[in-house]
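Q: Using this note's numbering, the first residue of the sequence shown is number 2, and each one after it goes up by one.
By construction, the Cβ of each residue, glycine as well, lies at the ideal position given by its N, Cα and C atoms.
Mind looking over this structure? Questions follow.
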Amino acid sequence: PLVVDTVQDMFGVPIDHAAVIDFEGFKDLTTALGGVSIQNPVAFQATGEGAAYFPAGTVTVEGAPALEYVRERYAFADGDYQRVRNQQAFLHGLLSKLISSDTLGDPVKLHGAIASISPYLSVDEELTGLRVGTLALELRSVRSGDIEMFTLPNAGVGTSADGQSIVLPDVTAAEGLAEALKTDTVAQYAAGLNGE
Numbered sequence: 002p003l004v005v006d007t008v009q010d011m012f013g014v015p016i017d018h019a020a021v022i023d024f025e026g027f028k029d030l031t032t033a034l035g036g037v038s039i040q041n042p043v044a045f046q047a048t049g050e051g052a053a054y055f056p057a058g059t060v061t062v063e064g065a066p067a068l069e070y071v072r073e074r075y076a077f078a079d080g081d082y083q084r085v086r087n088q089q090a091f092l093h094g095l096l097s098k099l100i101s102s103d104t105l106g107d108p109v110k111l112h113g114a115i116a117s118i119s120p121y122l123s124v125d126e127e128l129t130g131l132r133v134g135t136l137a138l139e140l141r142s143v144r145s146g147d148i149e150m151f152t153l154p155n156a157g158v159g160t161s162a163d164g165q166s167i168v169l170p171d172v173t174a175a176e177g178l179a180e181a182l183k184t185d186t187v188a189q190y191a192a193g194l195n196g197e
């Protein structure tokens, strides 16, 4: 509830539903889905003994390597920033698989997909299986190319009062995104971030 309240207050828009997954659930989810294909932008060796190597290009991850992929930050010069880009690449691959016409256009496959992911998620009380199914049907015409992912600009890094490394907010950028969310112009906002 605190995360939902924080995001709602920051952007001034309501969040209707929330879903949370822990690391074990994440690992099991990727296995239940038979792996997730990712467009990996940067080749890297994950940290740790026996950790996976991820070449640049299309890779399919599941189980423990999927968790290594989304958690790795030490292999990159820009650490957490590349980790966020990798997490976005993973989510794009996951959503592409879930919202494919093969899945959303076939009620049996749709039910199977919902059944495969639901054991790994904690959701709000109103996000029932029926509601998820209804939302999925509403997404029939959405394709992976319609999904916008970006990182909100920030004001750099700093140190908190207790000595923790933190990312400082860019208040103007947050206000711009809030306005874009309210006016349904997020695609234009994201294009502006990329200089398009």
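Which whole runs of the alpha helix (DSSP H) in the region 98-176 are 4 residues long or more, in chain order?
A: 102-105, 108-118 and 130-139
Q: Leaving out five residues before and five after A157 in sequence, what residues of the same chain have Cβ atoms less than 6 Å from its Cβ?
A: According to the sequence provided, residue 157 is Gly. The question's Ala does not apply to it. Around G157, the same chain offers L169 as residues with beta carbons nearer than 6 Å, after the five sequence neighbours per side are excluded.
Q: Checking the sheet assignment: what are the DSSP bridge partners for Q46?
A: Y54
Q: By Cβ distance below 6 Å, which residues in the same chain neighbour A33 in space, the five residues on each side in sequence not counted?
A: Within the same chain, A33 has close Cβ partners S117.
Q: Classify V62: buried if its beta carbon has 16 or more other beta carbons within 10 angstroms, exposed otherwise.
A: buried
Q: Report yes or no: do the region 75-94 and the region 128-141 share at least 3 C-beta pairs separated by less than 8 Å?
A: no
Q: In the DSSP output, which residue or residues are listed as bridge partners for V37?
A: V62
Q: Could you tell me the alpha carbon to alpha carbon distance between D17 and L105, rounded to whole angstroms?
A: 22 Å
Q: Report the residue from I22, E126 and P2 whose alpha carbon sits nearest the alpha carbon of L68.
A: I22
Q: With C-beta atoms as the reference, is Q9 less than 8 Å away from P2?
A: no
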